[in-house]
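Trainee:
4 protein chains.
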Amino acid sequence: MNYWEYIRVEELLALQGGFDNDESKVNDDETLFIVVHQIYELWFKLVLRELSTARDIFRQNPVPDIQLATATRRFKRVIAIFEQAISHFKVMETLTTRDYLEFRDRLIPASGFQSAQLREIEILLGLDDAIRIPLGREGSYKEALKGADGKPSPATKRVEDRIASGPSLKQLVYEWLARTPIDGPSSDASATRFLEEIVASHRSEITARVKLAEQQALTAEDVERLRARYEKEIVFAEAFLMGEDDPDADAETRSFRRRVRAAIVFLESYRELPRLTWPRELVDSLIEMEQTMLIWRQRHARMVERVIGRRTGTGGSAGVDYLDQTALRYRVFGDVWGVRGLLLRKPTLPALRHEGDYHFRIED
Amino acid sequence: MNYWEYIRVEELLALQGGFDNDESKVNDDETLFIVVHQIYELWFKLVLRELSTARDIFRQNPVPDIQLATATRRFKRVIAIFEQAISHFKVMETLTTRDYLEFRDRLIPASGFQSAQLREIEILLGLDDAIRIPLGREGSYKEALKGADGKPSPATKRVEDRIASGPSLKQLVYEWLARTPIDGPSSDASATRFLEEIVASHRSEITARVKLAEQQALTAEDVERLRARYEKEIVFAEAFLMGEDDPDADAETRSFRRRVRAAIVFLESYRELPRLTWPRELVDSLIEMEQTMLIWRQRHARMVERVIGRRTGTGGSAGVDYLDQTALRYRVFGDVWGVRGLLLRKPTLPALRHEGDYHFRIED
Amino acid sequence: MNYWEYIRVEELLALQGGFDNDESKVNDDETLFIVVHQIYELWFKLVLRELSTARDIFRQNPVPDIQLATATRRFKRVIAIFEQAISHFKVMETLTTRDYLEFRDRLIPASGFQSAQLREIEILLGLDDAIRIPLGREGSYKEALKGADGKPSPATKRVEDRIASGPSLKQLVYEWLARTPIDGPSSDASATRFLEEIVASHRSEITARVKLAEQQALTAEDVERLRARYEKEIVFAEAFLMGEDDPDADAETRSFRRRVRAAIVFLESYRELPRLTWPRELVDSLIEMEQTMLIWRQRHARMVERVIGRRTGTGGSAGVDYLDQTALRYRVFGDVWGVRGLLLRKPTLPALRHEGDYHFRIED
Amino acid sequence: MNYWEYIRVEELLALQGGFDNDESKVNDDETLFIVVHQIYELWFKLVLRELSTARDIFRQNPVPDIQLATATRRFKRVIAIFEQAISHFKVMETLTTRDYLEFRDRLIPASGFQSAQLREIEILLGLDDAIRIPLGREGSYKEALKGADGKPSPATKRVEDRIASGPSLKQLVYEWLARTPIDGPSSDASATRFLEEIVASHRSEITARVKLAEQQALTAEDVERLRARYEKEIVFAEAFLMGEDDPDADAETRSFRRRVRAAIVFLESYRELPRLTWPRELVDSLIEMEQTMLIWRQRHARMVERVIGRRTGTGGSAGVDYLDQTALRYRVFGDVWGVRGLLLRKPTLPALRHEGDYHFRIED
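Residue numbers (this note's numbering), protein chains in the order written: chain U, 1 to 364; chain R, 1001 to 1364; chain H, 2001 to 2364; chain Z, 3001 to 3364.
Here's what the structure looks like:
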């Protein structure tokens, strides 16, 4: 076996023919444009494999202890890949406005929005369809993936297959979190008791903060304003942690959310306990992974604004605004993000009753 | 002279005493927090020096030919510095939520919003006060810079001195742009004639694009919708380029804007002409510089969201939302950004009447 | 407390007066030069705190289970910091040769080589003095830290205090590794038995590889050459793993090395076993940390070569060559690097007799 | 046209079948390994297009003034691409030693050394065959590109075609530099006179530096040692600048080198002169481009050392050492690097007699 056979170099380098599938008609700028998109698709392929493998780990019940570090490494790899993807926009920006316009119109209605793999990543992660930002075009994102004749395309097939391939990473990770024993048996009762203590700590923290504000010689109005804001915060915190933030949710859903959120608070708060270190690393890597994707979305918006300004996208989207809005709104692991705003400093954490259960010794 | 005297190492390493000015009471996490902020202030000092030097170049009329490459290099240096600043958030993110909370409350009401130098950068660039996003606190950003006793502070002094130090970079660069000879003498007439030809090219581009849409078998409604959108775009483009986008502006202001915008279109469109290459590099580096600052703002938002979630900031701001909104709204060089969305591809550019004036020979 | 008091902004921004301690005599280029060095010193301060904290964790015997993830996080933070440091050279490179030369001669004999903190980092890590590359000047690196009058300086004091502050990270980590129980009790016998099995696996791997070479129709000379090289490799591998690579070492030293190296092979080879995941993360982060420092050294060489070419350094060093040589030669964790070249693929690893000892359950 | 047709998504994502051309037999780690190499090949394709376009600009005599900024932009794009390539090693490093070993042996004798495009880049730039570092295998780098049967391969064809495609970028850029008029007509006499003045300035700089050393109370031996070193430096500088550094070179070659080197000194020294700014940018971007490739080579060495240690490469090379040595030794634009070490600070530069010839006005 030789390098060029293994890497399929000749076939790979024959895929930059563009519109007419004729490389002699494609100038350097358009070649760059095509290649950067191809590189994105290659990275996305890796991301999908990694996420899929990690997802399958969480299909197991229980998740074997030996596989949590493995799953975390998958997420770290996805993070490393998206960090590459973020910096590729620097290459794209070597394309000036005028040069990009030379071939831009020919692309209509093709658009990066038609990247099936990016949609697959969102599906596999578990992005809720209800929070998707609509494109300028009518219909769902799936419309954009249809062929010119309105029929299903290879892109459609990819997305449909992915939807059919099983539950999302989010769904399965949340189920695993809901099973976490919280300072006692794995139960709603343990989770609830733990959360009650956490909420009490929040209350005393906020009381102290208001007192601090009073001492710092702000005006009475300022103190009142802060007190009102903090009161609102603690009411929100309690409702969120207790899974009571959605009046339409049924009792089972509330209990599930409560247990998920209790588990996240628990893992983040007592992360040094040896049996909790990997679960906590895993949860933290979900945040870092999603953050990296959000940075990618915002960096994408900045590249588009720089190269073509605030024009309508080739696929008919609102361009820069659409991209910026996705970054502000898309959050897959909303419960993990929500908890992040509600963690407590160490001295205020409740003492555990069963701390010993979470230790183990390496040097015996 | 020795390294430690030249760099002032000992004095520098004695500034991390924190709240009590006693390093033994500051743990590793808080030391990191302090040092990263100090590093930001050091970078900001460099940025202010570079921007100030560049601004002074444009105080001259005419700007000596020999100094345009120099000014551009200043902006490139600012870009290089902000790229460092962007990546420092990765270090800050090694601070976990729980660890940051250990010392966060002690900081209230201190806040990164009190960085006088960041405000100075905005002032020196020429950020319009009217588009500033208000903090949670009442009053302008200057309120936040006052001491605890409500009296002017060193931060106040920095900002006041900067405001008094002269016109902004934006003001002076725009005046220089307005003097650019546009394919003829430096005059409103040349600018207007040139812009009329540019608007005509826009019209024919859009006509072609609508025709394309019709051919591509979209529904009649889609075609109509696109036609309406494009018509709106051309009306907007003409008003913007001609300086007629603000009904309240007087004739002189309109003429000034027209000439500024004509110059930007001209420089970007004919950038290879030897006498235009540096002016165009300079204008492009303004965009890149502002873009880099926007990326820094968004990356800042992502760091804060990751470390503490959507809490109220220590200075009373709306935290993540405030930071994200500044990135969406703050644009210093609005005319340059506006033009970027209105450039044309090369084959549609009007032929110049005086192209010869913009050439020179290197190899004689 | 305000931001400017907490961060000590005014004092910090008053330290860029250079040679005459008079900022008005320091141009923008030299200010940049000073500030970048100050930023390096600030980062180094953080690195020293983190390494010192990590070192102290390993002063304990046994190292509490709860602290291994903490130590690893320290190393990850050092890595994040050195990654910043690597990219700062891009800012330094905005200084052109001609502009740097404007003030370079005034600096003689000051030199980055006089950074006491960089020497402290090397000392704290445990860089062996015997592998240090000598500067052009006579005497040890400590000579370079003396004052102009040849007397001890603040830099001397820093380095001496660091040397006196206790054993190096390397020494303590190696002692902890030597205590690791290797598939049985913590003993030389367990380590030796394990290494014998590893060496046997190496032998069969190499036999297979030679067979492969024969099949691949290389010339007989090629096969012979490869066979000789592989034989040399296996002899080297065995001597290294067994701690027999240094004929001058006494029996105790050999045993210590054997146990250290056995532990590294063991941790890397069975890293998924729950009780081994953190120790393995820790060992891997040592490699990543040292790698990042080497990348920093090489990037430093490339910056110097770009800005001033292959001149003699201001401190009298051989400049670029000196920097490149340090990267090729300086390895603190030589045993970890050595083992990296001797790991085996999973299917060839010996089966553990006591695998059960290394498991634990998270979901009970 | 749709995105998936334009980008050739389906064909692209079908090229990761590895050894058996069967993706189901390729695990996630190997897929990553294949994809990263494919991404490198795609970037290399872009680099080759950009370098080829830039090279063709220099085929013209004279080079049209309008194209120097264009050529510089090509190099800037190559730089942006190699910066991506540098950071991809971070993704590769998510592959641990043990995991890479799972499939490494199957690859023998395939090796990254068989990347024809990387060889093409070196050829197109103009890397001198005489300085190439030999692999472990006998014969030239071309041997490594042959098929298993010893016959020419697609890789061979690529390299041969590239060699036949015309002179190197180095050759043509040097010819353009040799034609640069140096403060007078384009002639050997102008170049020589200019260099004589430069050498005289070097002499007085060095005299001053020795005086400085004497004052700084170093020992008499230190002063003598420095004086001897500086004397050696000035002798070397004169020989190099005057093109007399190679006793075997004929008069024509010496004159050519003299003129090339004079042009580089001239452009770097008087870079603000408006007619020199782009030629200087271009020369500086050659240095930056080559530097970025060297950083890529060293970073490559660090990745290999981290993942597999100091093993023999799959292609039979000496692995890490081979890669490190290429970075130390490979320099395409040796004359530009050489001059970088011999530039002078501004106050010591000779006054130009014809400075007016290098000005032009932008604002008339």
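Built from N, CA and C at the ideal position, the CB exists for glycine as well. Since the structure is predicted, the reported quantities are computational estimates derived from the model, not experimental observations.
Near Phe3019(Z), which residues of its chain fall below 7 Å by C-beta distance, leaving aside the five closest residues on each side in sequence?
Mentor: Arg3106
Trainee: How would you label Glu2224(H), buried or exposed, when you count the other beta carbons within 10 angstroms and need 16 or more for buried?
Mentor: It counts as exposed.
Trainee: Pull up the CB-CB distance for Thr1053(R) and Glu1281(R), whole angstroms please, since I reckon it's below 8 Å.
Mentor: Their Cβ separation, rounded to whole angstroms, is 17 Å, which puts Thr1053(R) and Glu1281(R) out of contact at 8 Å.
Trainee: Please determine if the segment 1020 to 1030 of chain R and the segment 227 to 242 of chain U are in contact, where contact requires at least 3 C-beta pairs separated by less than 8 Å.
Mentor: no
Trainee: For my contact list, Pro2109(H) and Gln3215(Z) are in at a C-beta cut-off of 8 Å; report their separation, rounded to the angstrom.
Mentor: In fact, because the Cβ distance is near 12 Å, the residues do not count as touching under 8 Å.
Trainee: Is Ala3387(Z) helix, strand or coil when you go by DSSP?
Mentor: The structure shown does not extend to residue 3387(Z), since chain Z is modelled only from 3001 through 3364, so no value can be given for it.
Trainee: So is Asp2364(H) buried or exposed if we call it buried at 16+ other beta carbons inside 10 Å?
Mentor: Low per-residue confidence applies at Asp2364(H): pLDDT is 47, beneath 50, and the placement is therefore not dependable, though the value from the model is reported in the following sentence. Under this definition Asp2364(H) is an exposed residue.
Trainee: Using Cβ-Cβ distances below 9 Å, what residues of the segment 266 to 277 of chain U are close to chain H?
Mentor: Arg271, Glu272, Leu273, Pro274, Arg275, Leu276, Thr277
Trainee: Would you please state the rounded distance, in angstroms, between the beta carbons of Trp1043(R) and Gln1016(R)? I believe it to be under 8 Å.
Mentor: Contact doesn't hold; Cβ gap of about 17 Å is too wide.
Trainee: Can you give the Cα-Cα distance for Glu1175(R) and Ala1251(R), rounded to whole angstroms?
Mentor: About 16 Å.
Trainee: Could you give the distance in angstroms between the alpha-carbon of Tyr1330(R) and the alpha-carbon of Arg49(U)?
Mentor: 39 Å
Trainee: Please determine, among Val1063(R), Leu1349(R), Lys1146(R), the residue with the shortest C-alpha to C-alpha distance to Leu1172(R).
Mentor: Of the candidates Val1063(R), Leu1349(R), Lys1146(R), the residue whose Cα lies closest to the Cα of Leu1172(R) is Val1063(R).
Trainee: Given a cut-off of 8 Å on the beta-carbon distance, is the pair Ala1327(R) and Leu1276(R) in contact?
Mentor: no
Trainee: What whole-angstrom Cβ distance do Thr3314(Z) and Arg3104(Z) have, given they're in contact under 8 Å?
Mentor: 6 Å
Trainee: Tell me, please, whether the CB atom of Ile2006(H) is closer than 8 Å to any CB atom in chain R?
Mentor: Just to set this straight, residue 2006(H) is Tyr in the shown sequence, not Ile. With its beta carbon less than 8 Å from one in chain R, Tyr2006(H) belongs to the interface.
Trainee: With C-beta atoms as the reference, is Ala1155(R) less than 8 Å away from Arg1259(R)?
Mentor: no
Trainee: Just checking: is the beta-carbon of Asp3364(Z) within a distance shorter than 8 Å of some beta-carbon in chain R?
Mentor: Residue placement at Asp3364(Z) cannot be trusted, given a pLDDT of 48 that sits under 50; the coordinates are not used to answer.
Trainee: What residues in the segment 344 to 362 of chain U have a beta carbon less than 9 Å from any beta carbon of chain R?
Mentor: Those residues of the segment 344 to 362 of chain U that come within reach of chain R (Cβ to Cβ, closer than 9 Å) are Leu344, Arg345, Lys346, Pro347, Thr348, Leu349.
Trainee: Arg69(U) CB to nearest chain H CB: under 8 Å?
Mentor: The amino acid occupying residue 69(U) in the given sequence is Ala; Arg does not appear at that position. Ala69(U) counts as touching chain H.
Trainee: In angstroms, rounded to a whole number, what distance separates the CA positions of Leu195(U) and Val283(U)?
Mentor: Straight-line measurement puts the Cα of Val283(U) at about 18 Å from the Cα of Leu195(U).
Trainee: Ile2066(H) versus chain U: which residues are under 8 Å apart at the beta carbon?
Mentor: Glu272, Leu273, Pro274, His359
Trainee: Would Gly2998(Z) and Tyr3(U) be called neighbours here (beta carbons separated by less than 8 Å)?
Mentor: Absent from the structure is residue 2998(Z), since the part of chain Z shown begins at 3001 and ends at 3364.
Trainee: Is the distance from the Cβ of Ser2168(H) to the Cβ of Leu2212(H) below 8 Å?
Mentor: no
Trainee: Which residues, in chain order, does the segment 104 to 120 of chain U contribute to contact with chain R at a C-beta distance below 8 Å?
Mentor: Arg104, Asp105, Ile108, Pro109
Trainee: For Ser2168(H), which three-state DSSP category applies?
Mentor: coil
Trainee: In its own chain, which residues sit with a C-beta less than 7 Å from the C-beta of His354(U), not counting the 5 before and 5 after it?
Mentor: Asp183, Gly184
Trainee: So which residues of chain Z does Arg2308(H) contact, with C-beta pairs closer than 9 Å?
Mentor: Rather than Arg, the amino acid found at residue 2308(H) in this sequence is Ile. Per Cβ cutoff of 9 Å: Arg3340, Gly3341, Leu3343.
Trainee: If you count every other CB in all the chains shown that lies within 10 Å of the CB of Ser1285(R), and 16 or more means buried, which is it?
Mentor: buried
Trainee: Contact criterion: CB-CB distance below 8 Å. Does Glu2231(H) meet it with respect to chain Z?
Mentor: Chain Z contact via Cβ: absent.
Trainee: Nearest to Thr1031(R) by alpha carbon, out of Leu1013(R), Gly1147(R), Ile1121(R), Leu1343(R)?
Mentor: From the listed residues Leu1013(R), Gly1147(R), Ile1121(R), Leu1343(R), the smallest Cα separation to Thr1031(R) is found for Leu1013(R).
Trainee: Since Phe19(U) meets chain Z, which of its residues come closer than 8 Å, beta carbon to beta carbon?
Mentor: Neighbours of Phe19(U) in chain Z, taken as residues whose beta carbon is under 8 Å from its own, are Met3001, Tyr3006 in chain order.
Trainee: I'd like to check one pair, Leu3068(Z) with Trp3278(Z): are the Cβ atoms closer than 8 Å?
Mentor: yes
Trainee: Could you confirm whether any beta carbon from chain R is found closer than 8 Å to the beta carbon of Glu238(U)?
Mentor: no
Trainee: Can you look up Arg2297(H) in the DSSP assignment and give me helix, strand or coil?
Mentor: helix
Trainee: Kindly indicate if chain U contains any beta-carbon less than 8 Å away from that of Glu3205(Z).
Mentor: Output row for Glu3205(Z): interface = no.
Trainee: When the distance is taken between beta carbons, is Phe2082(H) closer than 8 Å to His2300(H)?
Mentor: no
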